[in-house]
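Offset between the sequence shown (1-based) and my numbering: plus 107.
I have placed the structure first, in the form of structure tokens, so that the comments after it can refer back to it.
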Amino acid sequence: MRVYNFSAGPCQFPLEVLKNIQKDFTNYKQTGMSVMEMSHRSKPYDDINNEAIALLRELLNINDSYEIFFLQGGASEQFLTIPLNLLGDGVADYAVTGYFSKKAYQTAKNAFKDQINLICSSENNNFTKLPSLEEHKPSKNSKYFYITSNNTVFGLRYNEFPKVDCPLICDMSSDIASAVVDINQFDIVYAGAQKNLGAAGVTVVIIKRELIEKSNPHLLCVPTQNYKSVLAAKGIFNTPSTLSVYTLLENMKYLKSIGGVAAIEKINRQKSKLIYDYIDSTDFYINNTAVENRSLTNVVFKTRSLELDKKFIKQAEENNLISLKGHNKAGGMRASMYNGMPLEGAQALLSFMKKFEGENK
Ligand SMILES: *Cc1c(COP(=O)(O)O)cnc(C)c1O
């Protein structure tokens, strides 16, 4: 039996991808071993690494002026990695638009104090509406402007990004490859793989080569996170999370086979629309986020009482709809429907929501 997993991460995979991985697990392409037993300096692994990079480049339409690195430490590691690589003795600007962007800001602020500016924050409206980035321009000579495309915890998403005079850095952990976005408008896009791209253990960092070349990394920046030393090592400074890079590749092959990002965007829009339309049609479920900012990947909602929320989460689980509990900071429910969630999963959730409403009105 397989369940529908609405967890905010790690995500569920298409069954076909899991089966392909299983098929090759003990003997990958006649090498006589599993990918996880392979040297990261071997030819077969090198091919996996290069193919994964090439496929991401193709699927996300990333031009040749960018490097693509597979690092470890999760997306959270980049909260400090970015200022360590790019800040120098300058200043940088942050938009705090949700839970993870606040963490990124606080991490940088703790380490670099007055060099880190808060440009705007939506904390005072409890992250229910995104501030316009056009209205909040970064400061003069800023080393970078740091933003987060999708607010994973409160369920909001930017549909447009500002043109700024400094490098634009975007944490795209929860919506990368879920909808068509022009990556070439950013200087760095990074994402933990475990939401839309693959399994945990690899952070995809897409970065303009020029930005690395101009950077002056802090002495305390470890070489595994130092973009210059990673570039000098052609992306593989130390042992990468080889199995996770491989599973990402298999997942991206599948994405390509179904028509790529534009095709999955259509499905993601259908899935989220099913749930939002129903929430809007009834008083039983509540979603307080600004309609124009609604996330495609993380749909948050609640009922009128904490008890009913609890009951909903428990009964959903009994019906194989798991991990619908909202983040502790947000409460209520959250249906994370990343690329790996099929339309049938959203339909099953919708049926359950209707049934639960009928029984608990
Ligand atoms: C999940 C998430 C993170 C944290 O990712 P880890 O890989 O667990 O460190 C950071 N930013 C955003 C936007 C996220 O959704």
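Just so it is clear, CB atoms sit at the ideal spot from N, CA and C, and this is done for glycine as well.
- Scanning the segment 158 to 205 from its first residue to its last, the whole beta strand (DSSP E) runs of 3-plus residues come out as 173 to 178, 199 to 203.
- When the Cα atoms are used, Arg109 and Met440 turn out to be separated by approximately 21 Å.
- Rounded to the nearest whole angstrom, the CA to CA distance from Gln301 to Lys335 is 25 Å.
- DSSP places Phe419 inside the alpha helix (DSSP H), whose first and last residues are 413 to 425.
- Under DSSP, Leu428 forms a beta bridge with Tyr111.
- Going by DSSP, Asp387 is part of the alpha helix (DSSP H) stretching over 367 to 388.
- Cβ neighbours of Ile254 within its own chain (closer than 6 Å, five residues either side excluded): Ala202, Cys277.
- Taking C-beta separations shorter than 6 Å and ignoring five residues to either side along the sequence, the partners of His434 in its chain run Val260, following chain order.
- Non-local beta-carbon contacts of Tyr385 in its own chain, meaning distances under 8 Å to residues more than five positions away in sequence, involve Tyr392, Leu457, Met460, Lys461 in chain order.
- Counting other Cβ atoms within 10 Å of its Cβ, Met143 stays below 16 and is therefore classed as exposed.
- In this structure the segment 161 to 177 does not lie against the segment 134 to 150, because fewer than three pairs of beta carbons, one per stretch, are closer than 8 Å.
- Around the beta-carbon of Leu193, 16 or more other beta-carbon atoms lie within 10 Å, marking it buried.
- Contact annotation: Pro121 and Gly342 have beta-carbon atoms that are not nearer than 7 Å.
- In the DSSP assignment, Leu275 falls within the beta strand (DSSP E) that extends over 275 to 278.
- Boundaries of the alpha helix (DSSP H) around Leu362: 349 to 364.
- Residue list for ligand 1: Gly116, Gly181, Ala182, Ser183, Phe207, Thr255, Thr259, Asp278, Ser280, Ser281, Gly299 (CB closer than 6 Å to any heavy atom, chain order).
- Here Ala397 carries a coil assignment [DSSP, helix/strand/coil].
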